[in-house]
Amino acid sequence: MGNQWLAFLTRGSRAGGQIGVFATPEGVAAAHVAPGTGGKPRLTRCVYEKGGGRDPLARVASRLPSRRAHAVGVLEPSGYRLLLVEAPDVPADELRAAVRWRVKDLIDFHVDDAVIDVFEMPPHARGGPQRMMYAVTAKAEAVKREIERIEAAGLNLDVVDIPELSLRNVATLLDSGRGAALLYLSERRSTLLLVRQGVLYLARYIETGVATLAEAAELRAELVAGLALEARRSLDYFESHYEQTSIQRLHVSGLEAEDREAIARELGVAVDEVDLAALLDTDEALSPELQRLCMPAIGAALRKDPVAL
Numbered sequence: 004m005g006n007q008w009l010a011f012l013t014r015g016s017r018a019g020g021q022i023g024v025f026a027t028p029e030g031v032a033a034a035h036v037a038p039g040t041g042g043k044p045r046l047t048r049c050v051y052e053k054g055g056g057r058d059p060l061a062r063v064a065s066r067l068p069s070r071r072a073h074a075v076g077v078l079e080p081s082g083y084r085l086l087l088v089e090a091p092d093v094p095a096d097e098l099r100a101a102v103r104w105r106v107k108d109l110i111d112f113h114v115d116d117a118v119i120d121v122f123e124m125p126p127h128a129r130g131g132p133q134r135m136m137y138a139v140t141a142k143a144e145a146v147k148r149e150i151e152r153i154e155a156a157g158l159n160l161d162v163v164d165i166p167e168l169s170l171r172n173v174a175t176l177l178d179s180g181r182g183a184a185l186l187y188l189s190e191r192r193s194t195l196l197l198v199r200q201g202v203l204y205l206a207r208y209i210e211t212g213v214a215t216l217a218e219a220a221e222l223r224a225e226l227v228a229g230l231a232l233e234a235r236r237s238l239d240y241f242e243s244h245y246e247q248t249s250i251q252r253l254h255v256s257g258l259e260a261e262d263r264e265a266i267a268r269e270l271g272v273a274v275d276e277v278d279l280a281a282l283l284d285t286d287e288a289l290s291p292e293l294q295r296l297c298m299p300a301i302g303a304a305l306r307k308d309p310v311a312l
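Listed below in structure tokens is the structure:
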């Protein structure tokens, strides 16, 4: 993650590219990204198949250009929790053990059954007595299930990641130097990320997704206004807490044009739809919906070698 999240099988060069896999109860997405030319990564394949379980993953894997490339699996949101905790004042090699003790009362399962990793947050602009960090807590059984599912599909699993960090990789491509704000809608929730120079400053969740909007047509305007409000709060926090220059554009995946226009009026910033075809070198036909469904997998395939804390 910020360092190594279950990086138990690091196997050397990624010259042949990398595979990202994201499986949810709704369906399975997979993508293969290889080094490109002209500074753009090359997306060689992007596939999605409805339905969960092993069979859809095996079918998706069979459509990839190579199963020998390193694979990054992305946990579905129900399989982990992302917690904001005070960073323990301990040596780096004792950090995870100290965080494990700190989160034991914050999770709804026994800490001995948890897999825990951490990644740091940027420091407060004015300093402060306490450094904060994110702790990722996953049930060991959920991680084991993800590993077994991916390896059963014949893929060369290298590491397991989380959606926030795979989407961070996409947001980094969107960052022109002033930072990037990405609002990504899955089926039942939205994830808002603020990223600058590859660093994740903020991850926020809103309980509104594409299915939520489709099922509550009469409340759509109110729900979209709620998304705009959370985006405004997040952008204000980014500027005040970190004393960063304002981000003047919100990139969105999963909203209709009229919704983007409504958010733009509320925020007073440009709001556009993410176009991965403009960020990546690809011959794939990437409809907006396919991009949304595959974005966590594409972000996982963009993952670079971790750097230790």
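Residue numbers for the sequence shown, in my numbering: 4 to 312. Think of the CB as a built atom: it goes at the ideal place given N, C-alpha and C, for glycine as much as any other residue.
Review point. Among GLU123, GLY20, VAL227, LEU282, which has the Cα closest to the Cα of VAL257?
Key: One point to set straight first is that residue 257 is Gly, not Val, in the sequence displayed. With distances taken between Cα atoms, GLY257 lies closest to VAL227.
Practice item. Could you pull out every residue in the same chain whose Cβ sits closer than 8 Å to the Cβ of TYR318, ignoring the five residues on either side in sequence? Key: With the chain represented from 4 up to 312, any question about residue 318 goes unanswered, as that position is not in the structure.
Check your understanding: Who are the Cβ neighbours of TYR187 in its own chain at under 7 Å, not counting the five residues just before and after it?
Key -> LEU170, SER193, THR194, SER256, GLY257, MET298
Review point. Below 8 Å, can you find three or more Cβ-Cβ pairs linking the region 228–243 to the region 149–164?
Key: no
Exercise for review: Please check the pair LEU98 and VAL121, which I expect to be a contact at CB under 8 Å, by giving their CB distance rounded to whole angstroms.
Suggested key: 6 Å
Check your understanding: Would THR40 be called buried (16 or more neighbouring beta carbons within 10 Å of its own) or exposed?
Key -> exposed
Review point. Distance, Cα to Cα, ARG295 vs SER189?
Key: 8 Å
**Study point:** Distance, GLU79 Cα to ARG14 Cα
**Key:** Unreliable placement is indicated for ARG14, whose pLDDT of 45 sits below 50; the coordinate value is still reported in the next sentence. Near 24 Å, if we compare the C-alpha coordinates of GLU79 and ARG14.
Review point. Can you tell me whether DSSP reads ILE250 as helix, strand or coil?
Key: coil
Point to revise | Inter-stretch contact at 8 Å, needing at least 3 Cβ pairs: the region 174–181 / the region 61–73 | key: no
Review point. If you scan the region 107–157 from start to end, which runs of the alpha helix (DSSP H) of 4 or more residues do you find wholly inside it?
Key: 143–155
Point to revise | Rounded straight-line distance, which links the Cα of ARG105 to that of MET136 | key: 12 Å
**Study point:** Coil, strand or helix - ARG191 by DSSP
**Key:** coil
Review point. Apart from the five residues just before and just after GLY157, which ones in its own chain have a Cβ nearer than 7 Å to its Cβ?
Key: ALA64, ARG70
Review point. Quick one: what's got a C-beta closer than 7 Å to TYR240's C-beta in the same chain, skipping five residues either side?
Key: LEU205
Point to revise | Identity of the residue in GLU218, ASP58, ARG45, VAL118 nearest ALA26 by Cα | key: ASP58
Point to revise | Inter-residue Cα distance where the pair is GLN7 and ARG45 | key: Low per-residue confidence applies at GLN7: pLDDT is 44, beneath 50, and the placement is therefore not dependable, though the value from the model is reported in the following sentence. Computed Cα separation, rounded: 24 Å.
Exercise for review: Return the bridge partner residues of TYR208 from the DSSP annotation.
Suggested key: THR194
Check your understanding: Between LEU197 and SER237, is the Cβ-Cβ spacing less than 8 Å?
Key -> yes
Point to revise | Cβ-Cβ distance between VAL102 and ALA300 below 8 Å | key: no
**Study point:** Proximity to GLY19 [Cα-Cα], best of VAL31, GLU233, THR47
**Key:** THR47
**Study point:** Which of helix, strand or coil DSSP assigns to GLY229
**Key:** helix
Check your understanding: Which ranges does the alpha helix (DSSP H) cover as unbroken runs of at least 4 residues, wholly within the region 263–291, from first to last along the chain?
Key -> 279–282
Check your understanding: Whose C-beta lies closer than 7 Å to the C-beta of ALA174 among residues of the same chain, with five residues either side of it excluded?
Key -> ALA183, LEU185, LEU196, VAL198
Check your understanding: Going by beta carbon distance, what residues of the same chain come within less than 7 Å of LEU176, once the five residues before and after it are set aside?
Key -> LEU282
Point to revise | Entirely enclosed beta strand (DSSP E) segments - the region 15–94, minimum 3 residues | key: 21–26, 30–37, 45–53, 73–77, 83–89
Review point. By the 10 Å Cβ neighbour count, where 16 or more other Cβ atoms means buried, how is ALA288 classified, buried or exposed?
Key: exposed
Practice item. Could you have a look at PHE11 and say whether DSSP puts it in helix, strand or coil? Key: Its pLDDT being 42, under 50, PHE11 is placed unreliably by the model, and the measurement read from it follows with that caveat. Of the three classes helix, strand and coil, the one that applies to PHE11 here is coil, per DSSP.
Review point. For ASP262, does the count of other Cβ atoms within 10 angstroms reach 16, so buried, or fall short, so exposed?
Key: buried
Exercise for review: Determine the closest residue to ARG207 out of GLN200, ALA234, GLU259, LEU216, with distance taken between C-alpha atoms.
Suggested key: ALA234
**Study point:** Run of the beta strand (DSSP E) containing LEU258, from where it starts to where it stops
**Key:** No beta strand (DSSP E) contains LEU258, which DSSP labels as neither H nor E.
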